[in-house]
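Enquirer:
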Amino acid sequence: MKYTSNGPFAPGYNKMVSAVEHPEMMGMEFGVVKMAAGDVMHFDYAQEVVYDLLSGKVTFAWNGSSETVERRDCFHEGAILLHVPQNTKVTITAETETEVAVARTENKRPFAAKLMRPEDCLCANEERGAGQMNECSTRMVRTFFDRSNCPETNFFIGEVVHFPGKWSSYPPHQHVEPELYYYKFLPENGYGLAEYGDDAYKVRHNDLTGMPCNVTHSQAAAPGYAEYYLWCIRLQDDKNIVTTVVPEYEWVTHADAKFFPEI
Numbered sequence: 003m004k005y006t007s008n009g010p011f012a013p014g015y016n017k018m019v020s021a022v023e024h025p026e027m028m029g030m031e032f033g034v035v036k037m038a039a040g041d042v043m044h045f046d047y048a049q050e051v052v053y054d055l056l057s058g059k060v061t062f063a064w065n066g067s068s069e070t071v072e073r074r075d076c077f078h079e080g081a082i083l084l085h086v087p088q089n090t091k092v093t094i095t096a097e098t099e100t101e102v103a104v105a106r107t108e109n110k111r112p113f114a115a116k117l118m119r120p121e122d123c124l125c126a127n128e129e130r131g132a133g134q135m136n137e138c139s140t141r142m143v144r145t146f147f148d149r150s151n152c153p154e155t156n157f158f159i160g161e162v163v164h165f166p167g168k169w170s171s172y173p174p175h176q177h178v179e180p181e182l183y184y185y186k187f188l189p190e191n192g193y194g195l196a197e198y199g200d201d202a203y204k205v206r207h208n209d210l211t212g213m214p215c216n217v218t219h220s221q222a223a224a225p226g227y228a229e230y231y232l233w234c235i236r237l238q239d240d241k242n243i244v245t246t247v248v249p250e251y252e253w254v255t256h257a258d259a260k261f262f263p264e265i
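Final position of the sequence shown in the numbering used here is 265; the numbers increase by one with none missing.
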């Protein structure tokens, strides 16, 4: 499913996915906070929450702690995020014009709130796909965390910086757990194609796609345009994720795979 943003974001919290309106997302919720310099916003959700700084300079305050962080943009600089358990009061003060993505889901397990920089992430900035598929799927992957470095979480979450004209999340794959992709493009008038089962959506800057249970998905970006997406998977409460690649396309990842014109 494609959830298209309705024009430029308004100041404040811009809801894109909610548990009530989108039950296929297994209770996962998502929105984008838009703030001007000097704006202050307060949050207190009865959910596990990830506040991912997309761009700007902000001061995060939580549980008596306070830190000021800055990220020029989500293409060139690594992730900065605040990850908190349910019922954690968070204040965001914008020092400059700012965008923050907010992903949340039900999780009653306690864990320590943490401000994460690239060095704190499970995978800070890993090049994937190099040397495979004639470089058709080379991209940068930043994995924030999963249950290997945060056993209490209900999220598997991170970012992909997708090179122009290439593919990512390929070969097509699926999992029982629902997943969201939130997109940005550089330049902003770019676009990509989001595979969704046997269909595909044209996705643009600030669009969102949602893949419910067992829907195959992969991504392509138009030549000339870098694509970014924040991916959020809502894990099952009692099981770890199992990803299944579509078998007929798996051969392309083999080290000895031969492609046209060699075939």
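Heads up, the beta-carbon is just placed ideally off N, CA and C, and yes, glycines get one too.
1) Just to check my reading of the structure: P112 and P87 have Cβ atoms closer than 8 Å, yes? What is that Cβ distance to the nearest angstrom?
2) Please state if the CB of Y231 and the CB of H177 are separated by a distance shorter than 8 Å.
3) DSSP three-state label for Y227, please.
4) Run through DSSP, which three-state label would P174 get?
5) Could you check what DSSP says for E264 in three-state terms: helix, strand or coil?
6) Whole angstroms is fine: what's the gap from D54's alpha carbon to A224's?
7) With a threshold of 7 Å on Cβ separation, who are the neighbours of Q134 within its own chain once the five nearest residues in sequence on each side are excluded?
8) What's the gap between the Cα of E250 and the Cα of T140?
9) Secondary structure at E161, three-state DSSP: helix, strand or coil?
10) Report yes if the C-beta distance between E161 and I243 is below 8 Å; otherwise report no.
11) Rounded to a whole number of angstroms, what is the C-alpha to C-alpha distance between I235 and M30?
12) Counting pairs of Cβ atoms below 8 Å between the stretch 91–103 and the stretch 29–43, do you hit three or more?
13) On the premise that H85 lies in contact with A115, defined as a C-beta separation below 8 Å, what is that separation, rounded to the nearest angstrom?
14) Distance, Cα to Cα, G66 vs K17?
15) Starting from S67, trace the beta strand (DSSP E) both ways and give me its first and last residue.
16) Using three-state DSSP, classify E252 as helix, strand or coil.
17) Can you tell me whether DSSP reads N242 as helix, strand or coil?
18) How big is the Cα-Cα spacing for F45 and K91?
19) Put M28 into one of helix, strand or coil per three-state DSSP.
20) Take L83 as the anchor and find which of G167, V51, H207 has the nearest alpha-carbon.
21) What residue range does the beta strand (DSSP E) around L237 cover?
22) Around the Cβ of G192, are there at least 16 other Cβ atoms within 10 angstroms (buried) or fewer (exposed)?
23) Where V34 and P10 are concerned, what is the direct C-alpha to C-alpha distance, given to the nearest angstrom?
24) Indicate whether H219 and S171 have their beta-carbon atoms separated by less than 8 Å.
25) State buried or exposed for T6, treating a residue as buried only when at least 16 other CB atoms are found within 10 Å of its CB.
Expert: Walking through what the data contain:
1) 6 Å
2) For the pair H177 and Y231, the CB atoms are not nearer than the 8 Å cut-off.
3) coil
4) P174 falls in the strand class under three-state DSSP.
5) coil
6) Using only the alpha carbons, I get a separation of about 25 Å.
7) T255
8) 21 Å
9) The three-state secondary structure of E161, taken from DSSP, is strand.
10) no
11) Near 8 Å, if we compare the C-alpha coordinates of M30 and I235.
12) With a cut-off of 8 Å, the stretch 29–43 and the stretch 91–103 count as touching, because enough Cβ pairs lie within range.
13) 7 Å
14) The alpha-carbon atoms of G66 and K17 are separated by roughly 28 Å.
15) 67–73
16) helix
17) Coil, per DSSP.
18) 6 Å
19) coil
20) V51
21) No beta strand (DSSP E) holds L237; DSSP gives it neither H nor E.
22) buried
23) 11 Å
24) Yes. Within cutoff.
25) exposed
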